[in-house]
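Residue numbers (our numbering): 4 to 180.
Think of the CB as a built atom: it goes at the ideal place given N, C-alpha and C, for glycine as much as any other residue.
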(Lines of atoms letter the chains of each structure in order from A and count residues from 1; the text may use other names and numbers.)
(Lines give C-alpha, C1' and ligand atoms only; values in the text may rest on other atoms or scores of the structure.)
Protein backbone atom coordinates (compact mmCIF):
# COMPACT_ATOMS: atom_id res chain seq x y z
CA UNK A 1 0.00 0.00 0.00
CA UNK A 2 1.42 3.40 -1.01
CA UNK A 3 0.89 6.65 0.80
CA UNK A 4 1.51 8.88 -2.24
CA UNK A 5 -0.10 8.70 -5.69
CA UNK A 6 2.11 7.50 -8.54
CA UNK A 7 3.00 10.96 -9.88
CA UNK A 8 3.80 12.35 -6.44
CA UNK A 9 5.77 9.20 -5.59
CA UNK A 10 7.82 9.60 -8.78
CA UNK A 11 8.54 13.25 -7.96
CA UNK A 12 9.38 12.29 -4.40
CA UNK A 13 11.77 9.52 -5.48
CA UNK A 14 13.44 11.83 -8.01
CA UNK A 15 13.82 14.48 -5.35
CA UNK A 16 15.16 11.94 -2.90
CA UNK A 17 17.64 10.74 -5.50
CA UNK A 18 18.91 14.31 -5.88
CA UNK A 19 19.01 14.66 -2.11
CA UNK A 20 20.84 11.33 -1.76
CA UNK A 21 23.34 12.36 -4.41
CA UNK A 22 23.92 15.58 -2.52
CA UNK A 23 24.60 13.58 0.62
CA UNK A 24 26.99 11.24 -1.21
CA UNK A 25 24.74 8.16 -1.28
CA UNK A 26 24.91 5.85 -4.32
CA UNK A 27 21.83 5.92 -6.54
CA UNK A 28 21.23 3.59 -9.53
CA UNK A 29 19.75 4.75 -12.85
CA UNK A 30 17.41 1.75 -12.80
CA UNK A 31 13.93 2.87 -11.64
CA UNK A 32 13.43 -0.21 -9.45
CA UNK A 33 16.85 0.28 -7.89
CA UNK A 34 16.16 4.01 -7.57
CA UNK A 35 12.92 3.21 -5.79
CA UNK A 36 14.70 0.73 -3.50
CA UNK A 37 17.57 3.17 -2.91
CA UNK A 38 15.05 5.98 -2.50
CA UNK A 39 13.20 3.92 0.09
CA UNK A 40 16.51 3.20 1.85
CA UNK A 41 17.37 6.90 1.66
CA UNK A 42 13.97 7.75 3.11
CA UNK A 43 14.57 5.34 5.96
CA UNK A 44 18.06 6.79 6.49
CA UNK A 45 16.94 10.43 6.43
CA UNK A 46 14.89 11.94 9.17
CA UNK A 47 11.21 12.41 8.31
CA UNK A 48 11.72 16.11 8.80
CA UNK A 49 13.87 16.44 5.65
CA UNK A 50 11.38 14.49 3.53
CA UNK A 51 8.53 16.70 4.70
CA UNK A 52 10.60 19.79 4.01
CA UNK A 53 11.41 18.56 0.49
CA UNK A 54 7.75 17.79 -0.24
CA UNK A 55 6.64 21.18 1.07
CA UNK A 56 9.31 22.85 -1.09
CA UNK A 57 8.08 21.25 -4.34
CA UNK A 58 4.34 21.47 -3.66
CA UNK A 59 4.04 24.99 -5.13
CA UNK A 60 5.93 24.05 -8.29
CA UNK A 61 3.79 20.93 -8.72
CA UNK A 62 0.61 22.93 -8.20
CA UNK A 63 1.74 25.57 -10.70
CA UNK A 64 2.55 22.89 -13.26
CA UNK A 65 -0.84 21.23 -12.73
CA UNK A 66 -2.58 24.60 -13.19
CA UNK A 67 -0.57 25.27 -16.34
CA UNK A 68 -1.55 21.87 -17.78
CA UNK A 69 -5.20 22.46 -16.91
CA UNK A 70 -5.08 25.93 -18.46
CA UNK A 71 -3.56 24.54 -21.66
CA UNK A 72 -6.24 21.83 -21.81
CA UNK A 73 -9.00 24.39 -21.25
CA UNK A 74 -7.63 26.63 -24.02
CA UNK A 75 -7.54 23.66 -26.39
CA UNK A 76 -11.12 22.73 -25.50
CA UNK A 77 -12.23 26.36 -25.98
CA UNK A 78 -10.71 26.37 -29.49
CA UNK A 79 -12.56 23.15 -30.29
CA UNK A 80 -15.84 24.58 -29.01
CA UNK A 81 -15.33 27.81 -30.98
CA UNK A 82 -14.64 25.83 -34.16
CA UNK A 83 -17.78 23.76 -33.66
CA UNK A 84 -19.85 26.89 -33.01
CA UNK A 85 -18.59 28.39 -36.27
CA UNK A 86 -19.50 25.19 -38.10
CA UNK A 87 -22.98 25.17 -36.57
CA UNK A 88 -23.51 28.84 -37.47
CA UNK A 89 -22.52 28.10 -41.06
CA UNK A 90 -24.96 25.17 -41.19
CA UNK A 91 -27.71 27.30 -39.63
CA UNK A 92 -27.20 30.01 -42.26
CA UNK A 93 -27.25 27.37 -45.00
CA UNK A 94 -30.52 25.90 -43.69
CA UNK A 95 -32.13 29.33 -43.37
CA UNK A 96 -31.22 30.09 -46.97
CA UNK A 97 -32.61 26.73 -48.09
CA UNK A 98 -35.82 27.27 -46.10
CA UNK A 99 -36.32 30.73 -47.62
CA UNK A 100 -35.89 29.35 -51.13
CA UNK A 101 -38.25 26.46 -50.35
CA UNK A 102 -40.95 28.76 -48.95
CA UNK A 103 -40.68 31.00 -52.01
CA UNK A 104 -41.00 27.99 -54.31
CA UNK A 105 -43.95 26.59 -52.36
CA UNK A 106 -45.77 29.92 -52.50
CA UNK A 107 -45.28 30.06 -56.26
CA UNK A 108 -46.32 26.41 -56.67
CA UNK A 109 -49.46 26.90 -54.58
CA UNK A 110 -50.40 29.97 -56.55
CA UNK A 111 -49.92 27.97 -59.74
CA UNK A 112 -52.19 25.18 -58.48
CA UNK A 113 -54.84 27.71 -57.48
CA UNK A 114 -54.70 29.26 -60.96
CA UNK A 115 -55.09 25.83 -62.54
CA UNK A 116 -58.26 25.13 -60.56
CA UNK A 117 -59.56 28.65 -61.24
CA UNK A 118 -59.35 28.02 -65.02
CA UNK A 119 -60.90 24.54 -64.93
CA UNK A 120 -64.55 23.88 -65.64
CA UNK A 121 -66.42 23.83 -62.30
CA UNK A 122 -67.58 20.22 -62.66
CA UNK A 123 -64.05 18.99 -63.47
CA UNK A 124 -62.56 21.02 -60.61
CA UNK A 125 -65.18 19.61 -58.22
CA UNK A 126 -64.33 16.04 -59.27
CA UNK A 127 -60.59 16.66 -58.85
CA UNK A 128 -60.96 18.37 -55.47
CA UNK A 129 -63.13 15.50 -54.23
CA UNK A 130 -60.20 13.15 -54.81
CA UNK A 131 -57.75 15.28 -52.79
CA UNK A 132 -57.46 15.25 -49.01
CA UNK A 133 -60.08 17.45 -47.38
CA UNK A 134 -57.50 19.85 -45.91
CA UNK A 135 -55.74 20.31 -49.23
CA UNK A 136 -58.99 20.82 -51.14
CA UNK A 137 -60.20 23.34 -48.55
CA UNK A 138 -56.95 25.30 -48.74
CA UNK A 139 -57.23 25.50 -52.53
CA UNK A 140 -60.86 26.61 -52.33
CA UNK A 141 -59.96 29.30 -49.78
CA UNK A 142 -57.40 30.78 -52.17
CA UNK A 143 -59.80 30.86 -55.10
CA UNK A 144 -62.02 33.84 -55.77
CA UNK A 145 -65.28 33.54 -53.86
CA UNK A 146 -67.40 33.34 -57.02
CA UNK A 147 -65.29 30.51 -58.51
CA UNK A 148 -65.13 28.59 -55.21
CA UNK A 149 -68.90 28.77 -54.76
CA UNK A 150 -69.52 27.39 -58.27
CA UNK A 151 -67.09 24.49 -57.61
CA UNK A 152 -68.72 23.73 -54.23
CA UNK A 153 -72.12 23.78 -55.96
CA UNK A 154 -70.91 21.06 -58.36
CA UNK A 155 -69.66 18.80 -55.51
CA UNK A 156 -71.49 16.13 -53.59
CA UNK A 157 -73.32 17.81 -50.72
CA UNK A 158 -71.48 15.80 -48.02
CA UNK A 159 -68.05 16.59 -49.49
CA UNK A 160 -69.00 20.26 -49.90
CA UNK A 161 -70.22 20.40 -46.28
CA UNK A 162 -66.99 18.78 -45.02
CA UNK A 163 -64.84 21.26 -46.98
CA UNK A 164 -66.95 24.21 -45.85
CA UNK A 165 -66.56 23.11 -42.21
CA UNK A 166 -62.76 22.98 -42.61
CA UNK A 167 -62.68 26.40 -44.29
CA UNK A 168 -64.81 27.96 -41.53
CA UNK A 169 -62.62 26.37 -38.82
CA UNK A 170 -59.48 27.67 -40.52
CA UNK A 171 -60.90 31.18 -40.76
CA UNK A 172 -62.01 31.22 -37.10
CA UNK A 173 -59.60 32.95 -34.71
CA UNK A 174 -57.80 30.55 -32.37
CA UNK A 175 -58.51 32.51 -29.19
CA UNK A 176 -62.19 32.00 -28.40
CA UNK A 177 -62.22 33.89 -25.09
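Do you know how far the Cα of residue j is from the Cα of residue i?
i: residue 104; j: residue 112; result: 12 Å
i: residue 148; j: residue 96; result: 40 Å
i: residue 68; j: residue 78; result: 15 Å
i: residue 169; j: residue 128; result: 16 Å
i: residue 83; j: residue 72; result: 16 Å
i: residue 94; j: residue 88; result: 10 Å
i: residue 150; j: residue 156; result: 10 Å
i: residue 134; j: residue 102; result: 27 Å
i: residue 109; j: residue 99; result: 16 Å
i: residue 54; j: residue 92; result: 56 Å
i: residue 172; j: residue 160; result: 18 Å
i: residue 74; j: residue 56; result: 27 Å
i: residue 32; j: residue 63; result: Below a pLDDT of 50, predicted positions are generally treated as unreliable, and residue 32, at 46, falls in that range; the measurement from the model is reported next regardless. Distance between the alpha carbons of residue 32 and residue 63: 24 Å.
i: residue 52; j: residue 76; result: 36 Å
i: residue 152; j: residue 114; result: 20 Å
i: residue 59; j: residue 66; result: 13 Å
i: residue 29; j: residue 85; result: The pLDDT assigned to residue 29 is 49, lower than 50, so where the model puts this residue is not dependable, and the model offers no usable value.
i: residue 50; j: residue 70; result: 30 Å
i: residue 81; j: residue 118; result: 55 Å
i: residue 122; j: residue 90; result: 47 Å
In the DSSP assignment, find the alpha helix (DSSP H) that holds residue i and state where it starts and stops.
i: residue 141; result: 136-145
i: residue 149; result: 148-157
Could you tell me whether any Cβ in chain C is nearer than 7 Å to the Cβ of residue i?
i: residue 106; result: The chain labelled as chain C is not found in the depicted structure, where only one protein chain is given.
Between the options, which has its C-alpha nearest residue i's C-alpha?
i: residue 124; options: 65, 58, 136 and 146; result: 146
i: residue 167; options: 144, 157 and 81; result: 144
i: residue 158; options: 108, 126, 51 and 64; result: 126
Less than 7 Å between the C-beta atoms of residue i and residue j, yes or no?
i: residue 116; j: residue 142; result: yes
i: residue 136; j: residue 165; result: yes
i: residue 131; j: residue 120; result: no
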